[in-house]
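Asker: The structure's right below; bear with me while I get my questions together.
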Amino acid sequence: MKIFAITLTSLFVCGLLTSQASFAQTSKKDRCATMPMYEKHLQLKWRTKKLGSFEDWMARKIRERQFQRTTETIYEIPVVVHVVHSGDELGRGSNISYEQVLSQMIVLNQDFRRTNPDTTGTPSVFASIAADTKILFKLAVLDTTGQLLKEQGVHRYVDASRETWSMSEIETVLKPATIWDPNKYLNIWVVPFSNSNTLGYAQFPEQSGLQGITIDPNTDKPETDGVVINNKFFGSNFTSVGAGFSLAANFDRGRTATHEVGHWLGLRHIWGDGGCGQDDFCDDTPAAGRDNDGLGDCSFPGPNSCTGDPFDDMFQNYMDYTNDICMNLFTNDQKARMRTVLENSPRRKEVIANANVVLSTNQSQVLANTTRLFPNPGGSNSQLQINNELQGKIIVTITDLRGVILQKSTTTKLNTQLQLDLPIQNLPKGVYVVNVQMKQGNISKRLIKK
Ligand SMILES: [Ca+2]
Ligand SMILES: [Ca+2]
Ligand SMILES: [Ca+2]
Ligand SMILES: [Zn+2]
């Protein structure tokens, strides 16, 4: 009953903010709209069953899991990012740059693999339960028709008739029109929200098709499955790819996506969306009586909202509402929930089973598709940029059209992105060929020196 009461309140607040978006001048942010959305889905779908069913099923699966000897496979999740805009130039407004997408992917992988640079912010009392979830996110290489993507993992979608989108427009218009097969991709929509204070929301995993669960096929909607993030909250200004992205203060480290993908993999808010008696179904997260919305002072101990246990609030958890800078961990029990979902839940388990299909292809083609020269034609400032997962030694040669080598350099690519200045300032005007040699293949591109 308690859950239901909260549901109504949340829905009311959400509806109010949405309908009065033009008056929403306050800086108060709705960190996440997942629970109101989820409750709405569930009410439609299960009518009388509500949240209990998912949690009962999940508890059973986690218990079963404890008796299996689970070798910890690294689960790979192919991602497509739908960049939704109304006709902005590439890299401007809502048509966010590829680098901004990359910055978000870096953060997602750091946070889920616990290679984030701020693990030192995890208090020692929680350090032993902080988890490497062994879940990895990779930008899709192939689109739904098996074609190589020009920009790995990115689908740019223009609707010139809409500058911004409401949640109901996203659910009923945008998602069904743009979703890529949710059995193969984690769909992430990056959208200018009409309510600029809403950061994002996710669709929870469902158990439809599993034994013992009744579903209503009329309201179970695979075509809305995924994560939606307001573009002002997508990406990070604190990774190796750059710092100039247009991101909202306090939410500029990519943790909105970490939080929402946590929901997509079955995590609840750490305070269980209720008082001290209401749990997030993870034993290793301390009881919490409320969220820590807007907390920006990360010194520990901080709030202790439930004093009946020996712990202070774990406001560093990605599933709290803390500012990005204070977030730095998932726990072992949260990891168990997410892996249980990936192993059992419809569409989630297909996504990891199908990962090879949309991630692997001819690697020299990947190289060709992810390498660009710019500006081209260029003066003395042309650069070579390689955006992909391939790593290792790279030999770059610049030749004239007869194949005579004019410049040669060797470097090592360690990260997703590599950017090199091409030393063409001393070459006369003309047409040149830039050759890139990697273990995985070679490519050549023509470069015009102005
Ligand atoms: Ca609680
Ligand atoms: Ca807990
Ligand atoms: Ca406590
Ligand atoms: Zn949330």
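Following the working numbering, the numbering of the sequence shown begins with 1 at its first residue and continues without gaps. A virtual CB, placed ideally from N, CA and C, is assigned to each residue, including glycine.
#1: By DSSP's criteria, phenylalanine 193 is part of a beta bridge. Which residues make up the other side?
#2: Which residues neighbour ligand 4 when neighbourhood means a C-beta less than 6 Å away from any of its non-hydrogen atoms? List them by chain order.
#3: Give me, in chain order, the residues of the same chain whose beta-carbon lies closer than 6 Å to that of isoleucine 395; leave out the 5 immediate sequence neighbours on both sides.
#4: Jot down the residue ranges of each uninterrupted beta strand (DSSP E) in the segment 319 to 375, minimum 3 residues, whole runs only, in chain order.
#5: Comparing the CB of alanine 287 with every heavy atom of ligand 2, is any distance shorter than 7 Å?
#6: Are the segment 147 to 165 and the segment 323 to 343 in contact at 8 Å, needing three or more beta carbon pairs?
#7: Spell out the partners DSSP gives alanine 202 in its beta bridges.
#8: What do you reckon, is the C-beta of arginine 307 under 7 Å from a heavy atom of ligand 3?
#9: Within 10 angstroms of its Cβ, does proline 375 collect 16 or more other Cβ (buried), or is it exposed?
#10: Could you tell me whether the segment 236 to 252 touches the segment 260 to 277, where touching means 3 or more Cβ pairs closer than 8 Å?
#11: Take every Cβ of the segment 62 to 80, pair it with every Cβ of the segment 124 to 142, and state whether three or more of those distances are shorter than 8 Å.
#12: Below 7 Å CB to CB, which residues in the same chain sit around aspartate 111 once its five sequence neighbours on both sides are set aside?
#13: Based on the DSSP secondary-structure assignment, which residues constitute the bridge partners of leucine 142?
#14: Do leucine 447 and leucine 420 come within 8 Å of each other at the CB atom, strictly closer than that value?
#15: Could you spell out where the alpha helix (DSSP H) holding histidine 263 opens and where it closes?
#16: In whole angstroms, give me the CA-to-CA distance for proline 176 and aspartate 400.
#17: If you follow the beta strand (DSSP E) that methionine 314 is part of, which residue opens it and which one closes it?
#18: Mind checking which residues open and close the beta strand (DSSP E) that includes leucine 420?
#19: Less than 7 Å between the CB of aspartate 143 and some heavy atom of ligand 2, yes or no?
#20: With a threshold of 7 Å, establish whether the CB of aspartate 291 neighbours any heavy atom of ligand 2.
#21: Indicate, with yes or no, if ligand 1 has a heavy atom lying under 7 Å from the CB of aspartate 279.
#22: By Cβ distance below 7 Å, which residues in the same chain neighbour aspartate 293 in space, the five residues on each side in sequence not counted?
#23: In whole angstroms, what is the alpha-carbon distance linking threonine 412 and lysine 445?
#24: Compute the Euclidean distance between the alpha carbons of isoleucine 74 and isoleucine 352, then round it to the nearest angstrom.
#25: Which residue from Thr256, Leu136, Thr144 and Asn197 puts its Cα closest to that of serine 166?
#26: Between the segment 92 to 109 and the segment 307 to 316, can you find at least three pairs of beta-carbon atoms closer than 8 Å?
#27: Taking 7 Å as the cut-off, is the C-beta of cysteine 282 nearer than that to any heavy atom in ligand 1?
#28: Compare the Cα-Cα distances from tyrosine 432 to each of Val261, Pro205 and Arg402 and report the closest residue.
#29: Less than 7 Å between C-beta atoms, sequence neighbours within five positions excluded: which residues of the same chain meet that for phenylalanine 193?
#30: From this set, Asp225, Val227 and Arg255, which residue's C-alpha is nearest threonine 239's C-alpha?
#31: Determine the DSSP secondary structure at arginine 446, reduced to helix, strand or coil.
#32: Between threonine 331 and aspartate 284, how many whole angstroms is the CB-CB distance? I'm expecting something under 8 Å.
#33: With hydrogens ignored, establish whether the beta-carbon of phenylalanine 315 is closer than 7 Å to any heavy atom of ligand 3.
#34: So if DSSP puts phenylalanine 137 in a beta bridge, which residue, or which two residues, is it bridged to?
#35: Which value, in whole angstroms, describes the spacing of the CA atoms of leucine 422 and asparagine 95?
#36: Using C-beta distances below 6 Å, list every residue in its chain close to proline 123, excluding the 5 sequence neighbours before and after it, in chain order.
Answerer: On the basis of the coordinates in this document:
#1: By DSSP's assignment, phenylalanine 193 forms a beta bridge with Trp165.
#2: My final list is Cys32, Thr34, His259, His263 and His269.
#3: Cβ neighbours of isoleucine 395 beyond the five flanking positions: Thr410 and Gln437.
#4: Restricting attention to beta strand (DSSP E) runs no shorter than 3 residues, the segment 319 to 375 encloses them at 371 to 374, ordered along the chain.
#5: Indeed, a heavy atom of ligand 2 lies less than 7 Å from the Cβ.
#6: Between the segment 147 to 165 and the segment 323 to 343, the count of Cβ pairs shorter than 8 Å is below three; the stretches do not touch.
#7: DSSP, once it has assigned bridges, lists Val227 as partnering alanine 202.
#8: The question names arginine, yet the displayed sequence has threonine at residue 307. Correct: threonine 307 has its Cβ closer than 7 Å to ligand 3.
#9: So proline 375 ends up on the exposed side.
#10: Touching, no, given that fewer than three Cβ pairs across the two stretches are closer than 8 Å.
#11: Inter-segment contact for the segment 62 to 80 and the segment 124 to 142 is present: three or more beta-carbon pairs are separated by less than 8 Å.
#12: Thr258 and Tyr318, listed in sequence order.
#13: Leu148.
#14: No, Cβ-Cβ distance for leucine 420 and leucine 447 is not below 8 Å.
#15: Unbroken alpha helix (DSSP H) run through histidine 263: 255 to 264.
#16: In a straight line, the C-alpha of proline 176 is about 50 Å away from that of aspartate 400.
#17: First-last for methionine 314: undefined, no H or E at that position.
#18: In the DSSP annotation of this structure, the continuous segment of the beta strand (DSSP E) that includes leucine 420 starts and ends at 417 to 421.
#19: No; taking the cut-off as 7 Å, the Cβ of aspartate 143 has no heavy atom of ligand 2 nearer than that.
#20: No; taking the cut-off as 7 Å, the Cβ of aspartate 291 has no heavy atom of ligand 2 nearer than that.
#21: Yes.
#22: Closer than 7 Å at the Cβ level, and outside the excluded window around aspartate 293, lie Arg31 and Tyr321.
#23: Each residue's Cα considered, the two are about 20 Å apart.
#24: If I take the Cα positions, the gap works out to 10 Å.
#25: Nearest option by C-alpha distance: Asn197.
#26: Segment contact: the segment 307 to 316 against the segment 92 to 109, fewer than three CB-CB distances shorter than 8 Å; contact not assigned.
#27: No, the beta carbon of cysteine 282 sits no closer than 7 Å to any heavy atom of ligand 1.
#28: Checked all of Val261, Pro205 and Arg402; the closest Cα to tyrosine 432 is Arg402.
#29: Setting aside the 5 residues that flank it on each side, phenylalanine 193 is surrounded in the same chain by Thr164, Trp165 and Asn230, each with a C-beta closer than 7 Å to its C-beta; the list follows chain order.
#30: Closest in alpha carbon position to threonine 239, among Asp225, Val227 and Arg255, is Arg255.
#31: Here arginine 446 carries a strand assignment [DSSP, helix/strand/coil].
#32: Taking 8 Å as the upper bound for CB-CB distance, threonine 331 and aspartate 284 are in contact here, some 5 Å apart.
#33: No, since every heavy atom of ligand 3 falls outside the 7 Å radius drawn around the Cβ of phenylalanine 315.
#34: For phenylalanine 137, which the question treats as bridged, DSSP gives the partners Ile77.
#35: Cα to Cα, the separation comes out at about 28 Å.
#36: Phe300.
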